[in-house]
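Heads up: the sequence shown begins at 11 in our numbering, then just goes up one per residue.
Note that CB positions come from ideal geometry on N, CA and C, so glycine has one too.
Note that this is a predicted model, so its numbers are computed, not measured.
The structure under discussion appears below in the form of structure tokens.
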Amino acid sequence: MVDDTPANLELLSVMLKGRGYRVRAAVSGRLALQAARNDPPDLILLDISMPEMDGYEVCAKLKSEERLKDIPIIFLSALTETMDKVKAFGAGGVDYIIKPFQFEEVEARVAAHLELRRQKVLLQENYIRLRELEKKRDDLVHMIVHDLRTPLTVIAGYNTLITEDRKNVLSGESAAYISENMKAVQQMIQIVSDVLDTSKMEEGQMTLKLENCDLGGLLEESASGMESLLEGRKIRFTPPVNPAFVRADKELVFRVIQNLLGNALKYTPDNSGLIQVKLQPAGGRVRVIVSDNGPGIAPEHRARIFEKFGQVGIRTDQKRYSTGLGLTFCKLAVEAHGGSIGVEGEAGQGSSFWFDLPVNGPARDAAPAAKE
Ligand code: ADP
């Protein structure tokens with residue numbers, strides 16, 4: 011309690027102590043600040059009109075110190091003008107009581123603000139705890155996924171050896187099984203890479219291997235690599251007459267394109283799916299657009315699909331894998347290049363995903379740690 015009139019302090023002190031509160035009194039702003047620094051209180055009742063340092067100034071000083079800034083301050087004052095109250099709230103006060111006051115009112119307000127403060131502290135503690143748990147979960151997932159990559163690569167390697175071994179004549183059936191095996195392994199490797207690279211990029215630990223990339227070439231390569239997955243769908247892309255070069259990490263950009271094309275295939279119907287790919291140079295940037303005639307994405311879901319594990323609705327199609335990480339990976343990869351990514355199109359009328367990359371690459375060519 012801060013008041014330059016000892017009688018006021020005495021009166022309120024006795025009453026609050028009577029209700030079980032521990033009260034410390036200070037007769038000036040300077041003494042109040044000292045006392046608060048020595049042992050921060052749970053709440054401060056602060057008079058406004060005081061010589062030397064008024065209540066507003068005391069409040070401003072408290073708010074400027076990290077350890078004291080969250081202590082709730084209730085102003086107690088004989089000033090009744092609305093502007094005085096507004097100024098008190100503006101300074102960071104949580105409440106304003108006009109003198110002379112009824113003790114019951116002071117007590118009720120003190121109790122309410124102490125409870126609010128208690129809830130806020132609890133919320134902050136829970137938030138910190140949740141972040142710690144989230145970090146533990148991410149570390150564990152990271153560890154498991156990381157360990158999965160080696161055996162998966164081994165399986166993929168032996169699959170390739172089996173199909174390439176000319177002496178080993180596989181029956182048509184066995185060759186088909188191996189090919190299905192290979193598709194599944196490639197999908198698993200893709201999931202593992204998405205999870206690992208997403209966490210690496212989130213922590214800013216992915217170094218870009220910058221080189222001059224021909225975006226048209228990458229789009230063609232990616233589209234032709236998807237031929238076995240088309241199942242009657244069509245991908246339309248006419249490379250531009252003049253090649254569109256950007257300074258970028260070729261492997262990352264290739265994977266962004268693959269993710270977008272892969273999604274366009276995933277979300278369009280067999281046989282009638284049409285995917286159109288365009289390349290538009292614009293100023294110092296080049297834009298890649300992948301449009302499809304699938305279900306489209308409602309405006310309210312557009313931000314969510316770029317978040318980690320963000321998906322719209324529950325996918326009932328068990329045929330294709332889905333982690334909700336693909337677009338998060340794309341966003342992080344494009345932004346690491348100083349580019350941007352987005353989606354347009356109305357629900358029910360197909361979607362049009364686009365990303366821009368600066369022709370000259372990111373503003374700075376360096377990132378903290380090396381890619382594995
Ligand atoms: P995943 O496809 O693994 O679920 P993504 O991050 O690639 O994860 O996509 C997130 C969500 O965005 C998808 O679950 C889907 O709801 C939506 N989405 C992505 N691409 C398309 C598309 N071409 N058409 C319709 N919806 C899409």
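The alpha helix (DSSP H) enclosing residue i, as first and last residue numbers
i	result
Y137	113-174
V205	182-212
Q44	39-48
V344	336-346
D94	92-100
N222	Counting along the chain, N222 falls outside any alpha helix (DSSP H), though it belongs to the beta strand (DSSP E) covering 220-224.
R70	Position check: residue 70 holds Ala in this sequence, whereas Arg was assumed. Run containing A70: 65-73, per the alpha helix (DSSP H) assignment.
L19	16-28
Heavy atom of the ligand ADP within 8 Å of residue i beta-carbon
i	result
L342	no
G283	no
T160	no
H311	yes
A274	yes
I307	yes
I315	yes
N252	no
S361	yes
T338	yes
D149	no
G352	no
D280	no
D207	no
G304	yes
N136	no
N222	no
Y277	yes
N169	no
N269	yes
Cβ-Cβ distance between residue i and residue j below 9 Å
i	j	result
T173	L180	yes
R265	C223	no
L41	I54	no
P309	A346	no
R246	S282	no
L107	V96	Going by the sequence as given, residue 107 is Ile instead of Leu. No, the pair does not count as a contact, with Cβ atoms beyond the cut-off.
V298	F365	yes
L101	S87	For clarity, residue 101 is Ala in the given sequence; the question names Leu instead. No, Cβ-Cβ distance for A101 and S87 is not below 9 Å.
D14	M60	yes
N273	F339	no
D204	G336	yes
F113	L22	yes
R314	L367	no
T208	K318	yes
G226	L289	yes
V195	A166	yes
M307	V353	Inspection of the sequence shows that residue 307 is occupied by Ile rather than by Met. Yes, these two residues count as a Cβ contact at 9 Å.
F316	I285	no
P50	R77	yes
M63	S38	yes
D175	E221	no
Any non-hydrogen atom of the ligand FAD within 8 Å of residue i CB
i	result
L335	For the ligand FAD, the structure offers nothing, since it holds only the ligand ADP.
Limits of the unbroken beta strand (DSSP E) element including residue i
i	result
K177	Unbroken run through K177: none, as it is neither H nor E.
S87	83-87
F264	Note, F264: premise wrong, no beta strand (DSSP E); alpha helix (DSSP H) at 260-276.
A292	284-292
Cβ of residue i within 9 Å of any chain C Cβ
i	result
L337	The chain labelled as chain C is not found in the depicted structure, where only one protein chain is given.
**Item:** Sufficient close CB pairs (3 or more, under 8 Å) joining the stretch 226-233 to the stretch 201-218
**Value:** no
**Message:** Between the stretch 116-131 and the stretch 153-168, can you find at least three pairs of beta-carbon atoms closer than 8 Å?
**Reply:** no
**Asked** Does the count of Cβ pairs from the stretch 269-279 and the stretch 293-305 closer than 8 Å reach three?
**Response** yes
**Request:** Indicate whether the contact test is met: 3 or more Cβ pairs, each with one atom in the stretch 74-85 and one in the stretch 54-64, closer than 8 Å.
**Result:** yes
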